[in-house]
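Chemist: The following block contains the structure, expressed as structure tokens.
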Amino acid sequence: MDFEKARKNMVEYQLKLRGIYDKKILNAFMKVKRHLFVPESIQEYAYEDCALPIGEGQTISQPYIIALMLQILELNENDVVLEVGTGSGYQTALLANIVKFVYSIERNEILMQKAKERLLNLGYNNIFIEIGDGTKGWPEKNISFDKIIVSAAAPKVPEPLFEQLKSTGVMVIPIGSKTYQRLCKIVKLNDGSMQSEDYDGCVFVPLIGEYGW
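FYI, the numbering for the sequence shown is 4 to 216, going by our numbering.
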């Protein structure tokens with residue numbers, strides 16, 4: 004299979020034609036080889052516009068939804084980003100091609116170890132991955148983040164994550180029930196209050212943890 008051609012088609016028809024215009028994001032999607040982040044048995048479907056199973060009851064999100072979330076975040080090259088839900092490491096790699104540092108939390112040790120090894124083998128040196136309850140934020144509480152992206156559905160914004168967001172920082176998180184959510188853009192205003200804006204409907208796996216489901 005011609006993975007490069009499939010990747011170009013993904014960017015042209017799934018992303019650009021559906022309103023993804025940020026060149027940093029489009030370039031990252033061209034660079035990161037999605038087929039390396041899914042099981043070999045389903046690599047032929049890697050560039051389809053759908054979620055795919057990655058084991059342990061988890062999935063890799065559809066390319067368009069990932070791109071939309073990244074675009075809503077308004078990423079900059081000097082951003083320090085927290086990712087909740089490493090999964091296969093695909094979104095982690097996309098972020099690492101755009102921002103300065105990526106801190107990623109994964110609750111499943113098997114997925115975490117596989118992602119860490121995969122990203123290391125691909126040469127990424129600006130990614131830090133820990134195992135833990137992502138709803139509690141990064142374990143070191145003296146750190147704060149410019150942007151936070153949550154790759155699982157929560158009933159509401161987890162308080163510890165909002166606390167770790169810098170002033171004027173942005174979080175993107177699916178909020179709703181276990182079966183249906185809306186993407187929400189959360190902005191931490193200068194006075195510490197929360198501003199929320201809803202985007203597209205979506206379906207993510209539930210965010211498991213003390214401040215999730």
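Ideal Cβ positions, reconstructed from N, Cα and C, are used throughout, including at glycine. The model shown is predicted, which means the values in this text are computed figures rather than measured ones.
For a test of the three-state rule: what should DSSP assign to residue 207, helix, strand or coil?
Modeler: The answer is coil: DSSP assigns residue 207 none of H, G, I, E or B.
Chemist: What do you get for residue 61, buried or exposed, if any count of 16 or more other CB atoms within 10 angstroms of its CB means buried?
Modeler: Its Cβ being crowded by 16 or more others within 10 Å, residue 61 is buried.
Chemist: Using a Cβ-Cβ cut-off of 6 Å (strictly less than) and excluding sequence neighbours within five positions of residue 199, which residues of its own chain qualify?
Modeler: Contacts found: 187, 189.
Chemist: Just to confirm, is the Cβ distance from residue 97 to residue 23 under 8 Å?
Modeler: Contact: no.
Chemist: Counting only the same chain and skipping the five closest in sequence on each side, list residues whose C-beta sits under 8 Å from that of residue 208.
Modeler: Once the five neighbours on either side are set aside, the close Cβ partners of residue 208 are 60, 61, 62, 155, 156.
Chemist: Could you tell me whether the Cβ atoms of residue 57 and residue 41 are closer together than 8 Å?
Modeler: It is a contact, given that the beta carbons lie within the stated cut-off.
Chemist: To the nearest angstrom, how far is it from the Cα of residue 88 to the Cα of residue 95?
Modeler: Roughly 9 Å separates the two Cα atoms.
Chemist: For residue 78, which residues of its own chain have a beta-carbon under 6 Å away from its beta-carbon, when the five flanking residues on both sides are left out?
Modeler: Counting only Cβ-Cβ distances below 6 Å, and skipping sequence neighbours, we find 101, 102.
Chemist: Within 10 angstroms of the Cβ of residue 138, are there 16 or more other Cβ atoms? Answer buried if so, exposed if not.
Modeler: Label assigned to residue 138: buried.
Chemist: So what does DSSP say about residue 103, is it helix, strand or coil?
Modeler: Of the three classes helix, strand and coil, the one that applies to residue 103 here is coil, per DSSP.
Chemist: Which runs of the beta strand (DSSP E) fall wholly inside the region 75-100 and span at least 3 residues, in chain order?
Modeler: For the region 75-100, whole beta strand (DSSP E) runs of length 3 or above, ordered along the chain, are 83-87.
Chemist: Who does residue 187 pair with in a DSSP beta bridge?
Modeler: Beta-bridge pairing links residue 187 to 176, 201.
Chemist: Could you check whether residue 148 and residue 85 sit closer than 8 Å to each other, using their CB atoms as the reference points?
Modeler: It is a contact, given that the beta carbons lie within the stated cut-off.
Chemist: Taking the alpha carbon of residue 20 as the point to measure from, which residue in 43, 67, 36 has its own alpha carbon closest?
Modeler: Checked all of 43, 67, 36; the closest Cα to residue 20 is 67.
Chemist: With a Cβ-Cβ cutoff of 8 Å, do residue 215 and residue 161 count as a contact?
Modeler: Result yes, Cβ atoms of residue 215 and residue 161 sit closer than 8 Å.
Chemist: Jot down the residue ranges of each uninterrupted alpha helix (DSSP H) in the region 125-170, minimum 4 residues, whole runs only, in chain order.
Modeler: For the region 125-170, whole alpha helix (DSSP H) runs of length 4 or above, ordered along the chain, are 162-166.
Chemist: Would you call the CB atoms of residue 6 and residue 34 closer than 8 Å?
Modeler: No, these two residues do not count as a Cβ contact at 8 Å.
Chemist: To the nearest angstrom, how far is the alpha carbon of residue 150 from that of residue 131?
Modeler: Each residue's Cα considered, the two are about 15 Å apart.
Chemist: Residue 213 to residue 110, Cα distance in whole Å?
Modeler: If I take the Cα positions, the gap works out to 12 Å.
Chemist: For the alpha helix (DSSP H) holding residue 29, just list the boundary residues, first then last.
Modeler: Segment 26-34, the alpha helix (DSSP H) holding residue 29.
Chemist: Thinking C-alpha only, which one of 46, 211, 121 is nearest residue 136?
Modeler: Ranking the options by Cα distance to residue 136, first place goes to 211.
Chemist: Which parts of the region 47-71 are runs of the beta strand (DSSP E), unbroken and 3 residues or longer, counting only runs that do not cross its ends?
Modeler: DSSP runs (the beta strand (DSSP E)) wholly in the region 47-71: 55-58, 61-63.
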